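K.L.:
Sending over a structure as structure tokens; questions will come in a sec.
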Amino acid sequence: MDIQVLSKDITKITVDALVVNLFEGIKKPSGATGAVDKALHGVISDLIESGEIEGKIKETTIIHTKEMIEPKRIIVVGLGKEEDFSLERIRQAAASSIKAAKKVKIKKMASIVHGIGTGGFDSSSASRCVVEGALLADYLTHDYKTDRKDLQQPIEEFWLVEQSEDKIESITTGVEKGKVLAQAANIARKAVNAPSNAMTPSHLADISSSLANESGFSCEILQQKELEELGMNAFLGVAKGSKEEPKLVIMKYEGNPESKEKTCLVGKGMTFDSGGISLKTAEGMETMKDDMGGAAAVIGAMSAIAKLKLKTNVLGIAALAENMPSGTAQKPGDIVHSFQGKTIEIMNTDAEGRLILADAVAYAQTLGITRIIDVATLTGSVVVALGHEASGYISNNDDFAEALDKASYDSGERCWRLPIYSEYKEYLKSDFADIKNIGGRPAGAITGGLFIGSFVENDLPWIHLDIAGTVWSTKELPYYAKGATGVGVRTLTHLAEYYSAQE
Ligand code: BES
Ligand code: ZN
Ligand code: ZN
Numbered sequence: 000m001d002i003q004v005l006s007k008d009i010t011k012i013t014v015d016a017l018v019v020n021l022f023e024g025i026k027k028p029s030g031a032t033g034a035v036d037k038a039l040h041g042v043i044s045d046l047i048e049s050g051e052i053e054g055k056i057k058e059t060t061i062i063h064t065k066e067m068i069e070p071k072r073i074i075v076v077g078l079g080k081e082e083d084f085s086l087e088r089i090r091q092a093a094a095s096s097i098k099a100a101k102k103v104k105i106k107k108m109a110s111i112v113h114g115i116g117t118g119g120f121d122s123s124s125a126s127r128c129v130v131e132g133a134l135l136a137d138y139l140t141h142d143y144k145t146d147r148k149d150l151q152q153p154i155e156e157f158w159l160v161e162q163s164e165d166k167i168e169s170i171t172t173g174v175e176k177g178k179v180l181a182q183a184a185n186i187a188r189k190a191v192n193a194p195s196n197a198m199t200p201s202h203l204a205d206i207s208s209s210l211a212n213e214s215g216f217s218c219e220i221l222q223q224k225e226l227e228e229l230g231m232n233a234f235l236g237v238a239k240g241s242k243e244e245p246k247l248v249i250m251k252y253e254g255n256p257e258s259k260e261k262t263c264l265v266g267k268g269m270t271f272d273s274g275g276i277s278l279k280t281a282e283g284m285e286t287m288k289d290d291m292g293g294a295a296a297v298i299g300a301m302s303a304i305a306k307l308k309l310k311t312n313v314l315g316i317a318a319l320a321e322n323m324p325s326g327t328a329q330k331p332g333d334i335v336h337s338f339q340g341k342t343i344e345i346m347n348t349d350a351e352g353r354l355i356l357a358d359a360v361a362y363a364q365t366l367g368i369t370r371i372i373d374v375a376t377l378t379g380s381v382v383v384a385l386g387h388e389a390s391g392y393i394s395n396n397d398d399f400a401e402a403l404d405k406a407s408y409d410s411g412e413r414c415w416r417l418p419i420y421s422e423y424k425e426y427l428k429s430d431f432a433d434i435k436n437i438g439g440r441p442a443g444a445i446t447g448g449l450f451i452g453s454f455v456e457n458d459l460p461w462i463h464l465d466i467a468g469t470v471w472s473t474k475e476l477p478y479y480a481k482g483a484t485g486v487g488v489r490t491l492t493h494l495a496e497y498y499s500a501q502e
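Laid out in structure tokens, this is it:
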């Protein structure tokens, strides 16, 4: 999708469709929608009057203009109730308009920037969200379909049109940001949607390298032998059952060499999680190809951060492996010596994400970082707690948590903080080693996170973000198709942007 910003009279642009909007309950459209209505001799008002257009969020109505104006069609998209309006609704409205256009095979379309008129948002944020919604909705999941004749095609051209010249600059800034964010999220979605026979640790590591070259960050890949030399036995133990070699991808972006601050993003990259010897049940096991969603989020975010040239230092680490049962696999009861030094009793080989992350976060702390966030599809327990509506997180630092909340608001990717009462740590006590890798069913999302936290120095600000419930959507949502959501990419990028503005 080629995106451009234009300052022109909307009734005079040559496109297959022009998108205008309407808040729910408005009887007489004003602004751009009002201008189009007038040029169409009140067709929109008539449709409102007859109840065919209500302005509900996600509602779309296509009107043929019969050469009364230049655009061939008008798509009126609902914005919902004015009091419920938000940046997220801007994304949803833009996404709905794209889907409506694609259904009738439109190739070239234009849209006004939802939210900058009566919506009250600044033109940069509003246009960013229009572009995010448009690009996320335009993403196609048919990489592996060979019969392509009935498949939807992407929109070729998408113009954002605004009459007043003085808003063009900030709209253009927003569009650029939106493009980078959504494209990076789509890269992560593509990786997560890919099956595990294609998306192996080596392949995902290769993707990181090419993205590094394209986007402007450095990328080093630690191979099995180097991991052995470093003593990353918690990580290696997980990979032992698979023929696929583990990889630790180290990505560096130095956007502010003068600053001592360095944010570390660590992602769980289990390209397939069968559970290992503590084998999962067959039903639903195919979804475990999404267990590298945390790594995909980190890789995607690194690319966005570098492309946006944020003035902050970021270290990205992706721990990539496959968790399989075999004669060489790790077994329940095994004890491993972690990179940090603590011994871990493996009570359940399916609690593997925390094992690879324990070594990854411990290693990260040897690289001069000043805060760390790990992102992982860690527990089924977080899905029980929050469903698919929010990612769960825990943190040892209120300022860092607040920054994540801000980033989450900016991205529309909901995050919810869970408590870390000191009693929870008791759940992880082992009879035979320093710590065990499961804490039982109660508070499983918290104890899973706290296991990783026990490998983080006390005073280092840390967040553990569990995306097990949000990495995948089983239904079509306004801007997500069924499948991977790319969750985390946009939030992590906003988090880096927050520090970029501060440091
Ligand atoms: N990858 C899973 C968690 C998961 C569950 C991700 C659902 C996405 C959707 C993780 O490795 C796992 O198996 N966790 C176990 C931990 C348990 C053995 C303590 C779980 O949550 O059941
Ligand atoms: Zn598992
Ligand atoms: Zn897993």
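Read in order, the letters of the sequence shown are residues 0 to 502 in numbering that gives the first Met the number 0.
Note that CB positions come from ideal geometry on N, CA and C, so glycine has one too.
What you are looking at is a predicted structure, and each value in this text was computed from that prediction instead of being measured.
With DSSP collapsed to three states, give me the class of residue 20.
P.N.:
Three-state result, residue 20: strand.
K.L.:
Helix, strand or coil: which one does DSSP assign to residue 431?
P.N.:
In the structure shown, residue 431 sits in coil (DSSP, three-state: anything other than H, G, I, E or B).
K.L.:
I need the boundaries of the alpha helix (DSSP H) containing residue 45, first residue and last residue.
P.N.:
Taken as a continuous stretch (DSSP letters only), the alpha helix (DSSP H) holding residue 45 covers 42–48.
K.L.:
In whole angstroms, what separates the C-alpha of residue 499 from that of residue 284?
P.N.:
Approximately 40 Å, taken between the alpha carbons.
K.L.:
For ligand 1, I want to know if residue 404 counts as a neighbour, meaning its beta carbon is within less than 7 Å of at least one of the ligand's heavy atoms.
P.N.:
Checking the Cβ of residue 404 against ligand 1 gives no.
K.L.:
Contact check, residue 122 vs residue 112 under 8 Å by CB: the rounded distance?
P.N.:
Their Cβ separation, rounded to whole angstroms, is 6 Å, which keeps residue 122 and residue 112 in contact under 8 Å.
K.L.:
Under the rule that 16 or more other beta-carbon atoms within 10 Å means buried, what is residue 29, buried or exposed?
P.N.:
By the 10 Å Cβ count, residue 29 comes out exposed.
K.L.:
Span of the alpha helix (DSSP H) holding residue 465?
P.N.:
Per DSSP, residue 465 belongs to no alpha helix (DSSP H); it is in the beta strand (DSSP E), 461–465.
K.L.:
If you draw a straight line from the C-alpha of residue 443 to the C-alpha of residue 468, how long is it?
P.N.:
Rounded to the nearest angstrom, the two C-alpha atoms are 14 Å apart.
K.L.:
Rounded to whole angstroms, what is the Cα-Cα separation between residue 93 and residue 130?
P.N.:
For residue 93 and residue 130, the distance between alpha carbons rounds to 8 Å.
K.L.:
How would you label residue 289, buried or exposed, when you count the other beta carbons within 10 angstroms and need 16 or more for buried?
P.N.:
Its Cβ being crowded by 16 or more others within 10 Å, residue 289 is buried.
K.L.:
Confirm the yes/no value for this check: CB of residue 167, any heavy atom of ligand 1, distance under 7 Å.
P.N.:
The answer is no for residue 167.
K.L.:
Under 7 Å from any heavy atom of ligand 3, does the C-beta of residue 283 make it?
P.N.:
Flag unset: Cβ of residue 283 not near ligand 3.
K.L.:
Where does residue 305 land, buried or exposed, given buried means 16+ other C-beta within 10 angstroms?
P.N.:
Buried, since its Cβ has 16 or more Cβ neighbours within 10 Å.
K.L.:
Inspect the beta-carbon positions of residue 245 and residue 276 and report whether they are closer than 8 Å.
P.N.:
No, Cβ-Cβ distance for residue 245 and residue 276 is not below 8 Å.
K.L.:
I need the straight-line Cα distance from residue 430 to residue 55, nearest angstrom please.
P.N.:
Straight-line Cα distance between these residues: approximately 58 Å.
K.L.:
If you compare alpha carbons, which of 3, 144, 371, 402 is closest to residue 494?
P.N.:
Checked all of 3, 144, 371, 402; the closest Cα to residue 494 is 402.
K.L.:
For residue 1, which residues in the same chain have their Cβ closer than 6 Å to its Cβ, ignoring the five residues on either side in sequence?
P.N.:
Cβ neighbours of residue 1 beyond the five flanking positions: 156.
K.L.:
Quick check: residue 394 and residue 461, are their CB atoms within less than 8 Å of each other?
P.N.:
Going by C-beta atoms, residue 394 is nearer than 8 Å to residue 461.
K.L.:
Starting from the C-beta of residue 186, find all residues in its chain whose C-beta is less than 6 Å away, skip the five residues before and the five after it, and write them out in chain order.
P.N.:
Excluding residues within five positions, the ones whose Cβ falls inside 6 Å are 299.
K.L.:
Once you ignore the five residues that flank residue 51 on each side, which residues in its own chain have a CB closer than 8 Å to its CB?
P.N.:
Hits under 8 Å: 60.
K.L.:
Bridge partners for residue 160 per DSSP, in chain order?
P.N.:
Partner(s): 5, 111.
K.L.:
Count the other CB atoms within 10 Å of the CB of residue 281; is the residue buried (16 or more) or exposed (fewer)?
P.N.:
Under this definition residue 281 is an exposed residue.
K.L.:
Measure from the alpha carbon of residue 334 to the alpha carbon of each residue in 232, 273, 205, then state which is nearest.
P.N.:
Minimum Cα distance to residue 334 is reached at 232.
K.L.:
Taking the alpha-carbon positions, what's the residue 490 to residue 97 distance?
P.N.:
Going by the C-alpha atoms only, they are around 23 Å apart.
K.L.:
Can you tell which of 82, 239, 86, 99 has its C-alpha closest to the C-alpha of residue 57?
P.N.:
It is 99.
K.L.:
Please find out if some non-hydrogen atom of ligand 3 comes closer than 7 Å to the beta-carbon of residue 373.
P.N.:
Outside the cutoff, so no.
K.L.:
Who are residue 84's beta bridge partners in DSSP?
P.N.:
In DSSP, residue 84 forms no bridge with anything.
K.L.:
What would DSSP say about residue 79, mapped onto helix, strand or coil?
P.N.:
Coil.
K.L.:
I need the boundaries of the alpha helix (DSSP H) containing residue 497, first residue and last residue.
P.N.:
Run containing residue 497: 488–501, per the alpha helix (DSSP H) assignment.
K.L.:
Need the endpoints of the beta strand (DSSP E) that residue 586 sits in, please.
P.N.:
Beyond the ends of the chain as shown, which are 0 and 502, falls residue 586; an answer cannot be given.
K.L.:
Return the residue from the list 214, 362, 77, 351 that minimises the CA-CA distance to residue 268.
P.N.:
Cα-wise, what sits closest to residue 268 is 351.
K.L.:
With a 10 Å radius around its C-beta and 16 neighbouring C-beta atoms as the bar for buried, classify residue 148 as buried or exposed.
P.N.:
Exposed: under 16 other Cβ atoms inside 10 Å.
K.L.:
In the DSSP assignment, find the alpha helix (DSSP H) that holds residue 451 and state where it starts and stops.
P.N.:
Where residue 451 is concerned, the enclosing alpha helix (DSSP H) stretches over 443–452.
K.L.:
Tell me, please, which residues DSSP counts as bridged to residue 414.
P.N.:
Per DSSP, 390.
K.L.:
Since I believe residue 377 is in contact with residue 315 (beta carbons under 8 Å), could you give me their beta-carbon distance rounded to a whole number of angstroms?
P.N.:
About 18 Å separates the two Cβ atoms, so there is no contact after all.
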